[in-house]
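Data first, discussion second: the structure below is written as structure tokens.
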Amino acid sequence: MASRFARLTATVPQSARAYATPAKAPKVPVTLFGLNGRYATALYSAAARKNALEQVEKDLKQLSVIVSKDKSVQALLENPTINRNNKLQQVFELLQKSGKPDAITKNLFETLLRTVVLTKPPNELMSAHRQELPLVITSSKELDKATLNKIADALQKSSLAEGKKLLVSNKVKSDILGGLLVEIGDKSIDLTVSTKLAKLNKVLTDVTHSDPS
Numbered sequence: 212m213a214s215r216f217a218r219l220t221a222t223v224p225q226s227a228r229a230y231a232t233p234a235k236a237p238k239v240p241v242t243l244f245g246l247n248g249r250y251a252t253a254l255y256s257a258a259a260r261k262n263a264l265e266q267v268e269k270d271l272k273q274l275s276v277i278v279s280k281d282k283s284v285q286a287l288l289e290n291p292t293i294n295r296n297n298k299l300q301q302v303f304e305l306l307q308k309s310g311k312p313d314a315i316t317k318n319l320f321e322t323l324l325r326t327v328v329l330t331k332p333p334n335e336l337m338s339a340h341r342q343e344l345p346l347v348i349t350s351s352k353e354l355d356k357a358t359l360n361k362i363a364d365a366l367q368k369s370s371l372a373e374g375k376k377l378l379v380s381n382k383v384k385s386d387i388l389g390g391l392l393v394e395i396g397d398k399s400i401d402l403t404v405s406t407k408l409a410k411l412n413k414v415l416t417d418v419t420h421s422d423p424s
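The opening residue of the sequence shown carries number 212 in the working numbering; numbering runs sequentially from there.
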């Protein structure tokens with residue numbers, strides 16, 4: 212595991228050098244950690260220098276959709292016995308179905324296919340670049356659009372939104388029993404029935420254990 216990690220981290224500077232241009236390095240809007248974070252940051256910086264953020268994001272989103280829908284493509288990318296050049300050729304053919312991929316996208320895959328394939332676009336960086344903030348509303352049943360918009364509008368006016376555009380999504384988890392769990396950026400508001408019951412049970416347990424009788 213250690214040797215594999217060393218090989219992966221050694222690839223990152225090579226990737227950055229491959230993307231480098233004389234232009235001043237752009238400021239990254241949010242810091243990401245881990246190996247995928249380092250790749251995503253190098254990719255963002257390279258694309259920003261070239262003013263190609265939207266094109267590179269489009270390339271990666273396109274491939275991400277293809278991979279998620281086609282198990283044969285997943286198998287291709289994960290198969291260590293297939294020659295790297297063959298993988299690259301097939302990846303580029305998939306991308307070219309919807310237009311010519313950016314050179315930065317090609318450089319990324321030439322680097323990543325030596326080690327690990329990152330097919331998900333750097334959504335967190337792009338959202339930060341566009342001054343967007345994810346708003347995830349978890350409920351026990353699917354919420355209608357009017358309800359989601361009402362919650363989003365209220366939060367948009369609050370300090371929690373930080374003046375950014377909220378990107379609303381609804382997750383359904385029946386085990387919360389009712390109420391809502393609202394996650395906005397790295398903050399959360401837990402108004403679920405399951406959490407309230409857990410707190411009530413703790414209070415009752417503490418009272419029982421403290422009762423000398």
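Cβ atoms here follow ideal geometry from the backbone N, Cα and C, with glycine treated the same way.
* What three-state label does DSSP hand S279 in the structure shown? -> Position 68 of the sequence shown, counted from the start, is the residue given in the question as residue 279. DSSP places S279 in helix when its eight states are reduced to three.
* Asked: Can S256 be considered in contact with the ligand FAD, in the sense that its beta carbon sits closer than 7 Å to one or more heavy atoms?
  -> What this structure holds is no ligand at all, so the ligand FAD is not there to describe.
* Going by DSSP, which residues form a beta bridge with G390? -> As a working mapping, residue 390 is identified with position 179 in the sequence shown. Answer is T403, bridged to G390.
* **For V327, three-class secondary structure by DSSP** => As a working mapping, residue 327 is identified with position 116 in the sequence shown. With a pLDDT of 47 at V327, under the threshold of 50, the modelled position of this residue cannot be trusted; read the value that follows with caution. Three-state DSSP puts V327 in coil, outside helix and strand.
* To do: Taking I387 and L366 to be in contact with their CB atoms under 8 Å, please state how far apart those CB atoms are, rounded to whole angstroms.
  => For the purposes of this step, residue 387 is taken as residue 176 along the sequence shown, with counting starting at 1. For the purposes of this step, residue 366 is taken as residue 155 along the sequence shown, with counting starting at 1. That belief does not hold up - the Cβ atoms of I387 and L366 are roughly 19 Å apart, past 8 Å.
* To do: Have a look at the DSSP bridge pairing and note the partners of V383.
  => Walking along the sequence shown from the start, residue 383 turns up at place 172. According to DSSP, which records beta bridges pairwise, V383 is partnered with S350.
* Determine the contact status of L254 and I277, defining contact as a CB-CB distance below 8 Å. => One-based indexing of the sequence shown puts residue 254 at position 43. One-based indexing of the sequence shown puts residue 277 at position 66. No; because the gap between Cβ atoms is not below 8 Å, this pair is not in contact.
* Whole-angstrom Cβ separation of T468 and D270, contact assumed at under 8 Å? -> Lying before the first or after the last residue shown, residue 468 is absent from the chain, which here runs from 212 to 424.
* If you compare alpha carbons, which of V347, T292, L411, K398 is closest to L378? -> Along the sequence shown, read from residue 1 onward, the residue named residue 378 stands at position 167. When only C-alpha atoms are compared, the closest one is V347.
* Considering only C-alpha positions, which residue in the set G245, S283, K311 is nearest to V267? -> As a working mapping, residue 267 is identified with position 56 in the sequence shown. Out of G245, S283, K311, K311 has the C-alpha closest to the C-alpha of V267.
* To do: Determine the direct distance from the alpha carbon of L288 to that of N296, and round the result to whole angstroms.
  => Mapped onto the sequence shown, residue 296 falls at position 85. Mapped onto the sequence shown, residue 288 falls at position 77. Rounded to the nearest angstrom, the two C-alpha atoms are 12 Å apart.
* Asked: Does DSSP classify K376 as helix, strand or coil?
  -> Counting from one through the sequence shown, the residue named residue 376 turns up at place 165. Correct three-state label for K376: strand.
* **Neighbourhood of K433 by C-beta, 6 Å cutoff - its chain only, sequence neighbours within 5 removed** => This structure cannot settle anything about residue 433, because the visible part of the chain is limited to 212 through 424.
* **Nearest residue (CA-CA) to S399, options P345, V284, T416** => Along the sequence shown, one-based indexing puts residue 399 at 188. Minimum Cα distance to S399 is reached at P345.
* Nearest to E373 by CA position, among T358, N360, A339, is which residue? -> For the purposes of this step, residue 373 is taken as residue 162 along the sequence shown, with counting starting at 1. Minimum Cα distance to E373 is reached at A339.
* Roughly how many angstroms lie between the CA atoms of K376 and Q285, to the nearest whole one? -> As a working mapping, residue 376 is identified with position 165 in the sequence shown. As a working mapping, residue 285 is identified with position 74 in the sequence shown. Using only the alpha carbons, I get a separation of about 34 Å.
* Asked: For the alpha helix (DSSP H) that contains L366, what are its first and last residues?
  -> For the purposes of this step, residue 366 is taken as the residue at position 155 of the sequence shown. Its alpha helix (DSSP H) spans residues 356-367.
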